[in-house]
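Below you'll find the structure, written out as structure tokens, and then a few comments.
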Amino acid sequence: RVAIAPGPAYLRLAFSPYQQEALPLSVSPKTGTAHYQAGSKLTVIGVGHAIQIALAASDREALGLDLFGICRYPFDFEEDALLRQSVRSTGKVLVLDEHYLPGSMAESLRSELNPVPVFEVLCARHEWKQKYGSHLFHLQQSGMAVEDFIRCVKRIHCL
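Heads up, the sequence shown is in our numbering, so the first residue is 512 and it goes up one at a time.
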């Protein structure tokens, strides 16, 4: 897809430290959005391989998560009926994005999906005291480990 992109394209080759073998239930032919799990309490959108964080959560089914993975930008929300229906029915969205928030796909989704009663982002954050290390180390420092994801989901369920 990158080779035939009409404009600039960004290709990221990486492996998540939480790599899962989960296959999607469906993939939208229009947007490429992968739907991994049906749920009714919270719509979770993982950007790129950040979806692996949600897939690694052992109690994800019990949490009622509707899990989607997106990998194309710009993203046309109106072209994805299943994701659109999920957002409208849950009224709660959590986006996982391993990038910093300014200029990220999560930030674009916030404006694209507005208004949604609850919209949260779990993304990389930078603090001057952070150290360099493995991918997993970076996720842990940024508050994006599986345990952080589960805490965030439980907090959103209380809203």
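For each residue, glycine too, the CB sits at the ideal point set by N, CA and C.
- Item | 4-residue-minimum alpha helix (DSSP H) runs that sit fully inside the stretch 527-596, ordered along the chain | 562-566
- Is there a Cβ from chain B that is less than 9 Å from the Cβ of E658? Going by chain labels, chain B is absent from the structure shown, which holds only one protein chain.
- Message: Which residue marks the beginning of the beta strand (DSSP E) containing H610, and which one marks its end?
- Response: As a working note, residue 610 is residue 99 in the sequence shown. Segment K603 to Y611, the beta strand (DSSP E) holding H610.
- How is E618 classed by DSSP in three states: helix, strand or coil? Here residue 618 corresponds to residue number 107 of the sequence shown, with the count starting at 1. DSSP places E618 in helix when its eight states are reduced to three.
- Task: Would you grab the beta carbon distance between L624 and V598 for me? Rounded to a whole angstrom, and I think it's under 8 Å.
- Result: Sequence index remark: in the sequence shown, residue 624 carries index 113 (1-based). Sequence index remark: in the sequence shown, residue 598 carries index 87 (1-based). Their Cβ separation, rounded to whole angstroms, is 6 Å, which keeps L624 and V598 in contact under 8 Å.
- Query: Among S527, R595 and A573, which residue has its Cα nearest to the Cα of T542?
  - Reply: Walking along the sequence shown from the start, residue 542 turns up at place 31. It is R595.
- Contact check, E609 vs A561, beta carbons under 9 Å: Here residue 609 refers to the residue found at position 98 when the sequence shown is read from its first residue. Here residue 561 refers to the residue found at position 50 when the sequence shown is read from its first residue. In contact: E609 and A561 (Cβ atoms closer than 9 Å).
- Can you give the Cα-Cα distance for K642 and Y529, rounded to whole angstroms? Numbered from its first residue, the sequence shown carries residue 642 at position 131. Numbered from its first residue, the sequence shown carries residue 529 at position 18. Whole-angstrom Cα-Cα distance: 20 Å.
- Task: Would you kindly report the start and end of the unbroken beta strand (DSSP E) that includes V632?
- Result: Translated into the one-based positions of the sequence shown, residue 632 becomes position 121. From DSSP, the beta strand (DSSP E) with V632 extends over V629 to A635.
- Query: Does the distance from the C-beta atom of F586 to that of S622 stay below 9 Å?
  - Reply: Against the sequence shown, residue 586 aligns to sequence position 75. Against the sequence shown, residue 622 aligns to sequence position 111. No, Cβ-Cβ distance for F586 and S622 is not below 9 Å.
- Rounded Cβ spacing between G580 and A545 (contact assumed at less than 8 Å): For the purposes of this step, residue 580 is taken as the residue at position 69 of the sequence shown. For the purposes of this step, residue 545 is taken as the residue at position 34 of the sequence shown. With 8 Å as the limit, G580 and A545 qualify as a contact, their Cβ atoms being about 4 Å apart.
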